[in-house]
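Below, the structure written as structure tokens:
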């Protein structure tokens, strides 16, 4: 297996999911893809604070979370940190949810539970890294 392109190693990723198991899964999978995982958060409140502290290039954001959901968190993150891109993960790939995500400022939208390679490709696209 070939190592990932060197440009990818510069992509700093924050993982946001209310499931600690999913955060761990993504952390290991993204590290294997060559991304630098700078942190994780369990809800929208934690995500907003983590972006301010960690300055990731890309936030991988679950949509359905307690307190502040992924749509509201995306809106706040993109307003305060316009250079930080958001890849939204949704279990509900309905046109309405996708439209709300893009209106909130998400750069990419991926169906949660799909192939990890799809999420990795979305992170690269959001960060402007050519494959």
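In my numbering, the protein residues as written are 4 to 134. Cβ atoms here follow ideal geometry from the backbone N, Cα and C, with glycine treated the same way.
- Residue burial annotation: residue 33 is buried, with at least 16 other C-beta atoms found within 10 angstroms of its C-beta.
- In this structure, residue 66 sits away from residue 54, with a CB-CB distance that is not shorter than 8 angstroms.
- Collapsing the DSSP output to three states places residue 101 in a helix.
- For residue 48, the secondary structure class from DSSP, reduced to helix, strand or coil, is helix.
- At a Cβ-Cβ threshold of 8 angstroms, residue 39 and residue 64 do not count as neighbours.
- With a cutoff of 8 angstroms on beta-carbon distance, residue 94 and residue 116 are scored as near each other.
- The residues 15, 16, 17, 57 and 59, in chain order, have a CB closer than 7 angstroms to that of residue 41 in the same chain once the five nearest residues on each side in sequence are set aside.
- Under the 10 Å beta carbon count, residue 131 is surrounded by fewer than 16 other beta carbons and is classified as exposed.
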